[in-house]
Structure formats: C-alpha cells, structure tokens
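Okay, structure first, notes after.
Residue numbers (the working numbering): 23 to 101.
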C-alpha cells in the first residue's frame, strides 16, 4: 500500500510488539544500534542478535510501502 510521506513519526520509530518484543533480552542493545544508525543517517545497522544487516524504520518508511516480509522495524501496520 502506497503512502503519502513526510518525516517518520516518532511513534513509528519503535518496533511493533508482534515484530520485536520489548521483553527480548537484547531489545535495548538492538534498539541502541538501530537508533545510532538512524541518528547517523545510515540505512542499516549490524544486528547484535543475528550478525546480519537490518534496515532501519526510516529506510523502510522512505520506501513508501510495506513489503509484507515481517521486517523488525516496519513502520506500517497497526500499533
């Protein structure tokens, strides 16, 4: 679904609970890496859990649509 965009809203910067539970033992570490990447204007960050590159919420927001792959930081969908 295509969206009309401006900057990503603050409430869309945090993952949906069904994509990444705040109770996960590495949640704070992952979010610190994510937030640092977003602050630096980077499209991705190295995930401390998997060791793979993960797109930030800002990157996905700029794509203007959800890919329906269940991305951790997807800013689309219900909150």
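Here a beta-carbon is modelled for each residue, glycine too, at the ideal position from N, C-alpha and C.
If you measure between the beta carbons of residue 80 and residue 60, is that distance less than 8 Å?
The residue given as residue 80 occupies position 58 in the chain shown. The residue given as residue 60 occupies position 38 in the chain shown. Yes, they are a contact pair.
Excluding the five sequence neighbours on either side, which residues of its own chain have a C-beta within less than 8 Å of the C-beta of residue 63, listed in chain order?
Mapped onto the chain shown, residue 63 falls at position 41. So the list is empty, once near-sequence residues are dropped.
From this set, 71, 88, 92, 94, which residue's C-alpha is nearest residue 48's C-alpha?
The residue given as residue 48 occupies position 26 in the chain shown. Residue 71 is the option with its Cα nearest to residue 48.
Helix, strand or coil: how does DSSP classify residue 66 here?
Numbered from its first residue, the chain shown carries residue 66 at position 44. Residue state, collapsed to three classes: strand.
Grab me the residues of residue 98's own chain with a C-beta within less than 6 Å of its C-beta, minus the 5 sequence neighbours each way, in chain order.
Taking the first residue of the chain shown as 1, we reach residue 98 at position 76. These residues qualify, in order along the chain: 88.
Cβ atoms of residue 77 and residue 65: under 8 Å apart, would you say?
Indexing the chain shown from 1 puts residue 65 at position 43. Indexing the chain shown from 1 puts residue 77 at position 55. Closer than 8 Å, so yes.
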